[in-house]
Every structure is written in structure tokens, then in C-alpha cells.
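Residue numbers -10 to 585, in our numbering, belong to the letters of the sequence shown in order.
Glycine included, each C-beta is placed from N, C-alpha and C at the ideal position.
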Amino acid sequence: MLRDCHCERSLRSNLLVTRGLLRAQTARPRNDSRVWLRLCRARDWEGRFGLRWEFIAEAKRILEREQGTIHKDWGGKLPIALAYPNTYQVGMSSLGLQTVYRLFNQRADVVCERVFYRRGAGSRPLISLESQRDVKDFAVLAFSFSFEMDYFNAVEMLRQADIPLLSEERAEGYPLLLAGGPAVMANPQPLAPIFDAFAIGEGEVIVPPLMETLQAGIAESRDELLSALANIPGIYVPTQYPISNIQYPVKRQWMPNIDAHPATSVVLTTDTEFGDMYLIEIARGCGRGCRFCLAGYTYRPVRERSPAVLLEQARDGLSYRDKIGLVSAAVSDYSRLEELVTGLREMGARLSVSSLRVDPLPEALVRALAESGVQTLTIAPEAGSQRLRTLINKNVSEDDMMRAAELAARYGFAQLKLYFMLGLPTETDEDIQALVDLVLAVRERFPRRITVNVTPFVPKAHTPFQWVAMAAVESTKEELSRIEQALRPGGIAVKAESPAWAAVQGVLSRGDSRVGQALVRVKKRSLAAWRRALRECQLDAAEYLRERSVDESLPWSVVDSGVSGDYLWREMKRALESKAQSSKSKQEGRAIHAAM
């Protein structure tokens, strides 16, 4: 233990040396207040080391079970803490997090270490995994947000780290707070009072100029650094908006040639949902155009990796795991899937996939999954009736789904999972009954375990449904109860997300900067605490869940997703026209039936 104490003290000294080197690389010296704050922390750390030791030991036990962890000396490098605001198990399942971890650490002048949320952490220190340093010792604290509900966890992590929650309250010596990921790429505004800057787009494009700017300006004043960051394409700095010499809205950055940068597992561990496989992204974006889907609009255009590149990546991955996990918005849409699957099977790889479409559902892929030992086949009809599937542009027929169920039965899958949404625009009682009927029809073809996952629909920014109102919580609860009562007697498991919490997500997904002020008032996450925080900020959830008009100014207009508002509105009108056409056809059908 004495040896470890000495090592940690040496690392602390190394940090101060690193800061000095960073200062020497710039034309202007660091603000004295920032140096003093860091020196005070270093002295305070010595007194708190005994309390930290158990958490350091825990981090080291986690590291012992990892393969591929990147350890770097801090000397002369820009230290970045990459934070995932959810548990280690969830975070290490994120291929996006692993990709950014690689991008940062590919640079010789950067050291990047991971930080994760821990439930019930209380007063325990927030430390990095690799070197077990306090996050306040890093120059940059970069969060990756996949889901809006993780905003609560991020606030809790900052509170745990004793970092002031509002950007305007943080002195010069605190880390620069960055945020990226799908959730904030669509609408950064709810976190605008908290974070200093946001990455709008794909890391492969944004990270290189971001790192150059940080290296050049990290020793400058915070205001000067933020001004420089605001000039980087794809970086949104709330305090710099709007300024005449900065181009707004911020354009989403994307990488034309995804073969140029791998998106594969970097760190492998059994302590995660996908611990038995090596993950590879085979394509990015989706061309289906489902009107509810955020990823389908904010990751355009569709880009595929070539089979040759993927097979070479898989060959490397097979030295770590015998199973390859293929990742994309819809694996079955990959244009050269049969060639890829054949090549992987010839290597002896077992296969798993992140998602499947049933139109088509290649039998060769289903067979390969079964032969690889996959026990569950997952499909997402999203809506029970053909009318509603047409409205949301989920062009899947009932025949497609029956064939998928038959394939699952034929190849011996133990479980079939079906995903649906409740509260979609124009949904009626007939649509709910159609959902029940569809699942019961699947049951006739698949005799083993069926699990139905039901999620309340949440309108998302930068989709055609960004203007629609979110369904009332009580009505969604009633629909859910009806589905459960109809399906459970048949031995069909029904799992559902809370409609009340989905409404919270609805506020966060289409909120403005005032929502951030409410977020920081939530000390312990609960519906009561959230509602109280909204009241304290004089905010009404209904204001964010209501229908929006097409000429209304939207909070997320600070971001240019690459898909115009005019196009999204045309898609919205097409959805409404499909409803009108469906109603007309139904009335004509009833008239013909009556005449007969």
C-alpha cells in the first residue's frame, strides 16, 4: 500500500508538471487563479487519500478484467476524462463511446481516460478508471449522451465531483465541460446552461480540429478558449450564440468515407451486455425514413463499410472473441450482407446483430444466427395496424412479420421479442386492438417465449413528428393496461416503460435552455423532485409536450441536422394524408359491404 501511495503522489506531481508544459506551449500564461485552485486540490487530495483507497482498488479490479485498455503517461499531454452518464455495463456496450475513446487516444499529445456513473454513489469521489484520478484534475471533461434520461445522471456526477453545475458559476480552474452524442446532437438546449460546448456531428470529423484548438488554447482564459471553439465547424458554444462572426445554425458534421475510420470494440470485458462478442459497425445511417426515428434523420446519408474492410476488422476481432457483433441501424439492410455473412462464417465466426428488418429478413442470416447460438430474435413492428405503420413510414406488412415468426420457429430460437410504440399520432382504439391481434397471430406461428416491449412514443427534434403533441400519460396507461390484459393470459410477457417518465423524456427531448435550470434543481431523481423543479422555475411540462405550429421558432433550430425543415414538414403532411386516405378507404369498404 505504501508503494501505491507513493505512485499516486508521483502522479499528482506529474499533473503539475504537465500543466506547466501546456503553459509553456502557449504564448500567454495561465490565469493565476486556475493554478492556485489546482494546487489547493493537490494538497487536499493528500488528506482524502485514505477514503479513496477502496474506490481505487475497485477500479483496478475492473481493469484486471479488461483487454485493450489504453494506459498513457500524463507528461506533456492534454488530459481528457471521457464520461458516460450511465453504468459501466451500459457504457461499455456503447460502440460510440469506444470509438471516441480510440479517437482521443490515437493522438500522442492526448491522454483520455473513462469515467462512469454509479448509482447511489453519494459522497464517493468521481475518479477515472485508468489512473484513478479525480475528474477535476483533467483539463477537459467530455460527456457522451445516448439518451436524454441520462441528463439526470450527468448532473449527479458533476455534483459528486464537486463541480459547479452551471457554466456561469465555474471558475477558470475547473475542467472544460463538453457534450456530444445522439441526444445532444438533436437538441443541445436543455443542457446549454450546464455545458461549455457541444459537438454536433460525428467524432471522426470533429475530434481532430477540436484537439488542435484545445491544445493551442487550454492555457488561455476560458472566454478566449470558448471563442476559439465556437469557430470550429460542428461545435456549439451557448455563450457565443448568437454572435455575428459565427455561422449559425451549427451544421452537423459527418464523415463521407466511413471505411477510413474503424468503429470497432477497443476495450473488451465480460462485465457488459455484449461481453462475449467483438463489435463492428457495418453501416451508418438509415434510408428507410421512419418518421419517428431520430437516428434515421440525424445520421444521414446512409454509408456502408466495404466487406473487405469489415472482414479484415473481424479477423482482428476473432483474436479476442469467437463471436462478431454486427452493428448498424438495420443490419439486414446492408447491401452486401450475404457476402459478408459468408465470409464471416468461413472464418469460423459466430454472429450476432444489433437490429433486423423483416422486409426483407434474409433466411441465410437467420440460419447463421441460429448456428451461432443466438437464442432471441428481435423485430420491431412499432405499430399494430397497417394504417399506423404506413403513417409512420414503417413499411412492414403483416405477411413480413408472420414469415419472421415462422423462421424463428423453424430455426429453434428460444425467444421472439416484439417492439411497439404507444401514443403514435392519430392512434385509435382500433390500432390498439390491431396490436393485440398481431401478437396473437404471431403466437400461432411461434410456440415458445414471446416478449412484447411497449414504449410510449416521444416526439424527437429534427424528425417529421417534431411538431406533434405527445399523448397524455393517462391515456397511454389505459392502452398499456388493455394490452397487458389481452396478452398475458396467453403466456405472452409484456414489458413497458413508464408513461410518466416518458413524458419527462418528452420535455428533455424538445426542451429549451430553461429546462436546464430545472435539471440542476433535481437533487435525487424522482417524478416528485422533477415536478417540483419545474414549478420552482415556473415551467409547465405541458408547454413542451404540446403540438407545435410549423411557423413556430423551435429551440433546436440552433442545429442544422442536414435535413431541411421544409422536407420534414412535407413528410409530416404525407403522414396526415395517409391517415385521410386510410379513412376514405375504410369508409368505402364499409359502404361496399353494406351494399352487398
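As assigned by DSSP and simplified to three states, the class of Ser344: The residue given as residue 344 occupies position 355 in the sequence shown. DSSP places Ser344 in coil when its eight states are reduced to three.
Per-residue burial, Leu11 [other beta carbons within 10 Å of its own, 16 or more giving buried]: Indexing the sequence shown from 1 puts residue 11 at position 22. Unreliable positioning characterises Leu11 in this predicted model, as indicated by a pLDDT of 41, which lies under 50. A coordinate reading is not provided.
Contact under 8 angstroms by Cβ, Pro238 with Asp549: The count along the sequence shown starts at 1 and reaches residue 238 at position 249. The count along the sequence shown starts at 1 and reaches residue 549 at position 560. Yes; because the gap between Cβ atoms is below 8 angstroms, this pair is in contact.
Residue burial classification, Glu262 (beta-carbon count within 10 angstroms, cutoff 16): Position 273 of the sequence shown, counting from 1, holds the residue named residue 262. Exposed is the call here.
Uninterrupted alpha helix (DSSP H) stretches inside the segment 112 to 197 (no shorter than 4 residues): 139 to 149, 171 to 175
Three-state secondary structure assigned by DSSP to Gly206: Position 217 of the sequence shown, counting from 1, holds the residue named residue 206. Helix at Gly206.
Alpha-carbon spacing of Val330 relative to Arg346, whole angstroms: Within the sequence shown, residue 330 is the residue found at index 341, counting from 1. Within the sequence shown, residue 346 is the residue found at index 357, counting from 1. In a straight line, the C-alpha of Val330 is about 16 angstroms away from that of Arg346.
At least three beta-carbon pairs within less than 8 angstroms, the segment 452 to 463 to the segment 547 to 565: yes
Assigned exposure category for Pro251 - 16 Cβ within 10 Å defines buried: Translated into positions along the sequence shown, residue 251 becomes position 262. It is buried - the Cβ of Pro251 has at least 16 other Cβ atoms within 10 Å.
Beta-ladder partner(s) of Tyr408, from DSSP: To locate residue 408, count along the sequence shown from 1; it is residue 419. Asn442, per the DSSP bridge assignment.
Between the CA atoms of Ala150 and Val45 - distance to the nearest angstrom: The count along the sequence shown starts at 1 and reaches residue 45 at position 56. The count along the sequence shown starts at 1 and reaches residue 150 at position 161. Sequence inspection shows Ile at residue 45; the Val mentioned does not correspond to that position. Roughly 15 angstroms between the two C-alpha positions.
Classification of Val89 by the beta-carbon crowding that lies within 10 angstroms, buried from 16 upward: As a first step, residue 89 must be located in the sequence shown, where it is residue number 100. With 16 or more Cβ atoms within 10 Å of its Cβ, Val89 is classed as buried.
Buried or exposed by the 16-neighbour rule on C-beta atoms within 10 Å, applied to Gly64: One-based indexing of the sequence shown puts residue 64 at position 75. Exposed, because fewer than 16 other Cβ atoms sit within 10 Å of the Cβ of Gly64.
Limits of the alpha helix (DSSP H) - the one that Tyr77 falls within: Here residue 77 refers to the residue found at position 88 of the sequence shown. Note, Tyr77: alpha helix (DSSP H), 77 to 80.
Distance between Phe93 and Val104 (C-alpha atoms, nearest Å): Looking up residue 104 in the sequence shown gives position 115. Looking up residue 93 in the sequence shown gives position 104. Rounded to whole angstroms, Val104 to Phe93 spans 14 angstroms at the Cα level.
Minimum C-alpha distance to Arg91 - residue among Arg113, Tyr106, Arg108, His60: Walking along the sequence shown from the start, residue 91 turns up at place 102. Among Arg113, Tyr106, Arg108, His60, the Cα nearest to that of Arg91 is on His60.
Enclosing alpha helix (DSSP H) for Tyr267 [first to last residue]: Residue 267 sits at position 278 when you count from the first residue of the sequence shown. Looking at the DSSP string, Tyr267 is not in any alpha helix (DSSP H); the run it does join, the beta strand (DSSP E), is 267 to 270.
Rounded separation between Leu307 and Ser254 - CA only: Within the sequence shown, numbered from 1, the residue matching residue 307 stands at position 318. Within the sequence shown, numbered from 1, the residue matching residue 254 stands at position 265. Each residue's Cα considered, the two are about 11 angstroms apart.
Minimum C-alpha distance to Ser112 - residue among Met81, Leu130, Leu147: Your numbering for residue 112 matches position 123 in the sequence shown. The shortest C-alpha separation from Ser112 is found at Leu147.
Close beta carbons around Leu155, own chain, < 7 angstroms, minus the five adjacent residues each side: As a first step, residue 155 must be located in the sequence shown, where it is residue number 166. Result list for Leu155: Pro182, Ile183, Val509, in chain order.
Tyr73 and Ser117 closer than 8 angstroms at C-beta: Here residue 73 is taken as the residue at index 84 of the sequence shown, counted from 1. Here residue 117 is taken as the residue at index 128 of the sequence shown, counted from 1. No; because the gap between Cβ atoms is not below 8 angstroms, this pair is not in contact.
Range of the contiguous beta strand (DSSP E) that encloses Thr365: As a working note, residue 365 is residue 376 in the sequence shown. Note, Thr365: beta strand (DSSP E), 365 to 371.
Inter-residue spacing [alpha-carbon to alpha-carbon] between Cys279 and Asn384: Counting from 1 along the sequence shown, the entry for residue 279 is found at position 290. Counting from 1 along the sequence shown, the entry for residue 384 is found at position 395. Approximately 8 angstroms between the Cα atoms of the pair.
Close-in-space but distant-in-sequence residues of the same chain around Leu115 (CB under 8 angstroms, 5 per side omitted): Numbered from 1 along the sequence shown, position 126 holds the residue referred to as residue 115. Hits under 8 angstroms: Val104, Asp123, Val124, Met146, Gln149, Ala150.
Given 8 angstroms, three or more beta-carbon pairs between the segment 370 to 389 and the segment 411 to 428: yes
For Asp555 and Leu565, the rounded distance between their alpha carbons: Position 576 of the sequence shown, counted from the start, is the residue given in the question as residue 565. Position 566 of the sequence shown, counted from the start, is the residue given in the question as residue 555. Roughly 15 angstroms separates the two Cα atoms.
Exposure label - Lys573; buried when at least 16 CB within 10 Å: Here residue 573 refers to the residue found at position 584 of the sequence shown. Since pLDDT at Lys573 reaches only 44, below the 50 mark, its modelled position is unreliable, and the value read off the structure follows with that caveat. When all chains shown are included, Lys573 counts as exposed.
Which of helix, strand or coil DSSP assigns to Gly285: Against the sequence shown, residue 285 aligns to sequence position 296. The answer is helix: DSSP assigns Gly285 an H, G or I state.
Cβ contact check for the segment 170 to 181 and the segment 193 to 200: 3 or more pairs under 8 angstroms: no
Selection from Arg325, Ile207, Gly276, Glu525 that minimises the alpha carbon distance to Leu300: Within the sequence shown, residue 300 is the residue found at index 311, counting from 1. Closest option to Leu300, Cα to Cα, is Arg325.
Range covered by the alpha helix (DSSP H) that runs through Pro544: As a first step, residue 544 must be located in the sequence shown, where it is residue number 555. Pro544 -> no alpha helix (DSSP H), and no H or E assigned at all.
8 angstroms Cβ cutoff met for Leu268 and Leu84: For the purposes of this step, residue 268 is taken as the residue at position 279 of the sequence shown. For the purposes of this step, residue 84 is taken as the residue at position 95 of the sequence shown. Cβ atoms of Leu268 and Leu84: closer than 8 angstroms.
Among Asp265, His451, Pro453, Phe446, nearest to Leu469 - alpha-carbon criterion: In the sequence shown, counting from the first residue as 1, residue 469 sits at position 480. Checking every option, the nearest Cα to that of Leu469 belongs to Phe446.
Euclidean distance between Cα positions of Ser341 and Pro296: In the sequence shown, the residue the question calls residue 341 occupies position 352. In the sequence shown, the residue the question calls residue 296 occupies position 307. Cα to Cα, the separation comes out at about 17 angstroms.
Supposed contact pair Ala397 and Leu366 - C-beta distance, whole angstroms, cut 8 angstroms: Along the sequence shown, read from residue 1 onward, the residue named residue 366 stands at position 377. Along the sequence shown, read from residue 1 onward, the residue named residue 397 stands at position 408. Contact holds; Cβ gap of about 5 angstroms.
Inter-residue Cα distance where the pair is Asp389 and Pro349: The residue labelled residue 389 in the question sits at position 400 within the sequence shown. The residue labelled residue 349 in the question sits at position 360 within the sequence shown. Straight-line Cα distance between these residues: approximately 8 angstroms.
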